[in-house]
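Right, one structure below, let's go through it.
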Amino acid sequence: MKLFNLKNAFSLSVVLVIYAAAGLLINSGFIDSYLFLNIVLIGINIILAVSLNLITGFTGQFSLGHAAFMSIGAYASAVITAKLSLPFWAGVAAAAFFAAVAGLVIGIPTLRLKGDYLAIATLGFGEIIKIIGLNIDYIGGATGLNDIPQYTTWTWLYFSVVATVLLVSNFVRSYNGRACIAIREDEIAAEAMGVNTTYYKVLVFTIGALFAGVAGALYANYFYFIKPDSFGFMKSIDILVIVVFGGMGSISGSIAGAVLLSIISLFLQSIPELRMVVYSVILFLIMVYRPNGLLGKAGFKFFKKRGARNAYSQSR
Amino acid sequence: MEQLIQQIINGVSLGSIYALIALGYTMVYGIINLINFAHGDIYMVGAYVGFAMTTFLHIGFFPALLVSMLICSLLGVVIERFAYKPIRNSTRIAALITAISVSLFLEYGMMYFVKAETRTFPEVLQNKQIKLFNTGAVLDIKSLYIILVTVALMLVLQYIIYRTKVGKAMRAVSLDRDAAQLMGIDMNSTIAYTFAIGSALAGAAGVLVGTYYNSINPLMGVVPGLKAFVAAVIGGIGVIPGAVFGGFFLGITETMVSAFGGSLYKDAVAFAILIIVLLVKPNGLLGRNVKEKV
Amino acid sequence: MPIVKVDKLSKAFGGIRAVSDISMSVEGGEIVGIIGPNGAGKTTFFNLLTGIYSPSSGAITYQLNKEVSSKSFKPHKMAKYGVARTFQNIRLFKNMSIMDNVLIGYHNNLDYGVVPSLFRLPSYYRNESNARAEVLKLLEIFKLSDKENEPASRLPYGEQRKVEIARALAAKPKLLLLDEPAAGMNPRETQELTSLLTWIKDEFKLTIMLIEHDMSLVMGICSKVFVFDYGMLIASGSPYEIQNNSQVIKAYLGGE
C-alpha cells in the first residue's frame, strides 16, 4: 500500500476535472445562479450528512442535535466576517473550532448514554443551543443576523466537500475507524479488546461537529442571512434522513442521498401545499421497503477502489 | 403569596396537559420501544375535532371531549396498524424516522385541509373565576376543569391497567414481550389497545387546551409534544406513574421559571432538566434499571 | 509468583450472590479449567476478572506486565495489561470481515494516531501492513486465512468461535480467558481445538483459563480444575481428583 499509486492518481484527476469543468460552467453563466444555489445546498448537505454518518452510521451513536453544530459554525463565521470584518478563512476556522469545542463539551457528558436516551439528550442539547441563540441580542436574537458577506464560492464549496469526504473516509479506513465500527457492532466486545469506547465516541462526535460547523460557515456566507429557527430539530432530522436514505455507514451513500433528496425536494417545490405531505409519504415508504437506504450494504465499487487497496471491506 | 398560589395552579394545569400527553408516549414506549413522534400531533387532531364539534355541531364541552377522545383513539389504532406494524421489527432508526414521517403527514395534511391559520375555539366553558379563600388568588374555572378532567381520566386509566384483562396484558407485554406471547397474549390487540388509550388521552388534552387557550393551529402539537416526551423521560420512560410525575414536575417547574423572571428561557427549562436527569439518573426519576447481560 | 490471584471475591446483584468468597490463584504457563452447573457464577467470575463488573468485596491481583489490582480495572485497559477473553455467546462484530474482527484484537498494538490516519502518512501504511501480516499469520493457524474477507456472520458456528479466539490472541495477551470455547462444536472439532489450545499455549507462552462443559476438553488439557456451584468454589485440584470428588458429583448429578 502506498500513498502514491495509480488509483489515487486517477481519483485525484477525477476530482480536479470535475472542479475545473463545473467552475467553467458556473463562470460562463451556463449554470445560472438558481442552479448554483442548489449546488451549494447539495454541497452543504453532503458535508452535514457525511459528518453525521461518522457519528451515527459508523459509530452507532444516535445524534439528533447535529444542526446545532451547524448553527454554531454559521454564527461563528457570521460574527467573524460580518461583525469583525475578517476574511473568510478566519470565519471557517472559527466555525470549525467553535463547533468542535461544542461537540467536545456536549459529547463528554451525553455519550455515556445509550440508544434512545442518547438521542433524546442530543435533541435536548440541540434545542437548548437554539433557545440560547434566540436570546442573544448581539447576534440578532430571533430576528437573526443579516448582511453576512457572500464569500462562499465554488472553490470553497467544492474543496470543503472534497476535504470532508476524504478526511472522513481516511479516518474510517484506519484503525480508529475500525474501532468505531466495532463500537457500533458490539460495544462490550470492543472494550474487551482494548478499545477505549468513551474516547472514540467523543472523538467522532467532535470531528463530526467540526465538519458540521464548516457546513454552517459555508451556509451563512452564501445565504447572507441566518436565524436560530433554521437550525432546530427539523433540520437535524433532515440531515439524519439523508444519512439513512443514503445508507448508514456508507459515505458514498451520504453523497448520493444528499444529491437525490435535494432533487426530490426540488421537484416538490412545484406543489407547495402538498410538498411536505408527499415528502412524508416518500420517507415512510423508504423506511418500510428499503430501510438500509440506497447503498446500505455495499458502497459504490468506484469509491471502494479509491485510496489504499481495499483488501478489507470497511465501508459497507 | 397569592402570586405563588396562582402560579402553582397554573403549573398544575399545564402539568395536567403534559401528563396526559406523556402517558401516551410512555405507554407506547413501554410496550414496543418506539418513540412515537406523531403523538403530539394526535393531541393537535384532538383539539381540531373538539373545535369542529363545538363550532359546527354546537355540542357541549363534555360530549365534544368524549367524541374527540373516541376519534383520536381510532386514529391512534389506524396509525399503529398501517404505519408502525410494518416496521415493528426494524431498527431503532427506521422506526424513529417512520414515526417522524407520520408526524409530518398529520401536521401538513391537516394544514392542507384546514389551512395554516390559527382558529379560535368557541367559549364552551364559562369564563368564571373563583376567589380562593382569603388569599386573593383567583382560580379560573377552566383550570379547575383541566385538573378535574385529568384526575378523572387518570383514575380511569388506573382502573384499566390494574383491574382489567387488557391492562394486565399491557403490563405483561411491556415487561417481557416474548414470554407474554408464549402465555397466549395477543400482541396485536394489546398493542392496539395501548395506542387507543394513549391517543384518547392525548385527544382529551387537545380539547382541554383548546378550551383553555382558545386557539389552535396545525403545528400546535410540536412543542408540547416534545416537552411531554421530555416529561415522560424525566419520570422514566415506559413507567406510567413516571409520566404523570414528569408531566406535573415539568409543568410546575416551567411555570415557576417563567413567572419568576426567566420567561425567555422557559422552553429551555424542559431540556435542561432532561439533561440533568439523564446524566444523574439515566432511567428517569422513577425508571427501572435494566442492565445488559454479558 | 501467580499470574492472577483472587482473594475472597464476591459479587452480589441486589439480593442475589452470584459469586461468593472465591479464592484461588493461577501460575504462569498453566491451563486451568473452571467447571460447574449452569448459573454457578462462572461467567460472572470472568466478568469480574475483566473489569466488566466490579466486586462487591474481595480483590483480584494480576502480575502480568506490571502488577494491577482490582481497584484499577477498566474493561478497555485489560487488553493492555495482558488479559484477553472470549464470550459465552459469541460476540463477534457481525458486519465486519474476519480480518477486521481480528484486527480489532490487534488494536492496542497499533498507535499511529489520528493525524497519520487522516493524512495517510507513511506510518499509517507501515503499521497497517504489519498488522495485517500478523493477523494473517494468526488466521493461518486457525485455518481461516482463505476466508479473511468474509463477514463474520456468514461463518459456521464452530469457525466463529475460532475467530473469537484468534481475535483475543491478536491482543498479544499473557492470560487468555476462554468462555466455553468448545460450545457448539462436534467431537472432531473439539479434538482439534484441544490440540490447538495446547500448541497455542506453548507457542505464545500463555496462561489459559477456560470455562467449559465439555469434559473431554477439560480433562484433556487442564492441569488444574476449579469447580463452581451456586457462586462458590466447592472443589479444586487435578482433573483426576475432581472426577472423584463426591461434592462435585453431587453438584452435577444431584444426590443424597
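Residue numbers (this note's numbering), protein chains in the order written: chain A, 34 to 349; chain B, 446 to 739; chain C, 64 to 319. Even glycine gets a Cβ: it sits at the ideal position worked out from N, Cα and C.
- Per DSSP, Glu90(C) is not a residue of any beta strand (DSSP E), being assigned neither H nor E.
- Chain-order list of chain C residues neighbouring Val739(B): Asn110, Ile115, by C-beta distance under 7 Å.
- Ala250(A) and Val47(A) have their C-alpha atoms some 26 Å from each other.
- Counting the other CB atoms within 10 Å of its CB gives Gly495(B) a total of 16 or more, which places it among the buried residues.
- Distances from the alpha-carbon of Ile605(B) to those of Ile720(B), Tyr638(B), Ile524(B) put Tyr638(B) closest.
- Between the beta-carbon of Ile75(A) and that of Ser295(A) there is about 5 Å, and that keeps the pair under the 8 Å contact cut.
- Here Met282(C) is not bridged, per DSSP, to any residue.
- With contacts defined by Cβ atoms closer than 7 Å, Asp277(C) and Thr253(C) form a contacting pair.
- The continuous alpha helix (DSSP H) containing Arg195(C) extends over residues 185-204.
- Just measuring C-alpha positions, the residue of Ile123(C), Arg148(C), Asn190(C), Asn128(C) sitting nearest Phe136(C) is Ile123(C).
- Residue burial annotation: Lys237(C) is buried, with at least 16 other C-beta atoms found within 10 angstroms of its C-beta.
- Looking from the CA of Lys143(C), the closest CA among Leu241(C), Ile305(C), Ala233(C) belongs to Ala233(C).
- By the criterion of at least three beta-carbon pairs nearer than 8 Å, the segment 317-325 of chain A is in contact with the segment 526-541 of chain B.
- DSSP, reduced to helix, strand and coil, places Ser269(A) within a helical segment of the structure shown.
- Gly629(B) is classed as exposed because its beta carbon has fewer than 16 other beta carbons within 10 Å across all chains shown.
- Judged by their CB atoms, Val276(A) and Asn86(A) are nearer to each other than the 7 Å cut-off.
- Using a Cβ-Cβ cut-off of 7 Å, Leu87(A) does not count as an interface residue toward chain B, since no Cβ of chain B sits closer than that to its own.
- Each of Ile263(C), Pro244(C), Lys210(C), Ser208(C) was checked against the Cα of Lys235(C), and the nearest Cα belongs to Ile263(C).
- Under the DSSP assignment, Met272(C) falls in the beta strand (DSSP E) whose first and last residues are 270-274.
- Taking CB atoms only, Ala223(A) has no neighbour in chain B less than 7 Å away.
- A contact between stretches requires three or more CB pairs, one per stretch, nearer than 8 Å, and the segment 118-136 of chain A fails this requirement with the segment 276-287 of chain A.
- For Thr186(A), no beta strand (DSSP E) run applies, since DSSP gives it neither H nor E.
- For Ser207(A), the C-beta contacts it makes with chain C under 7 Å involve Ser180, Tyr187, in order along the chain.
- By the 16-neighbour rule on beta-carbons within 10 angstroms, Pro250(C) is exposed.
- Burial check for Phe108(C): the Cβ neighbour count within 10 Å reaches 16 or more, so the residue is buried.
- Under the Cβ criterion of 7 Å, Gly136(A) is not counted among the residues facing chain C.
- At a Cβ-Cβ threshold of 7 Å, Ala147(C) and Gly294(C) do not count as neighbours.
- DSSP, reduced to helix, strand and coil, places Leu112(C) within a helical segment of the structure shown.
- Neighbours of Met248(C) across chain A, judged by C-beta separation under 9 Å, do not exist; the nearest C-beta is about 20 Å away.
- Identification of residues in the segment 225-255 of chain A having a C-beta nearer than 7 Å to some C-beta of chain C yields Ala225, Met226, Gly227, Val228, Asn229, Thr230, given in sequence order.
- DSSP lists Leu273(C), Val288(C) as the beta-bridge partner residues of Gly96(C).
- Using a CB distance cut-off of 7 Å, Phe204(A) counts as an interface residue toward chain C.
- For Asp712(B), the enclosing alpha helix (DSSP H) stretches over residues 711-725.
- Non-local C-beta neighbours of Gly56(A) in its own chain, meaning closer than 7 Å and more than five positions away in sequence, comprise Trp187, ordered along the chain.
- Chain A places no beta carbon closer than 7 Å to that of Ser619(B), leaving this residue out of the contacts.
- Chain order gives the chain C residues near Ala212(A) as Ile167, His170, where near means a beta carbon separation below 8 Å.
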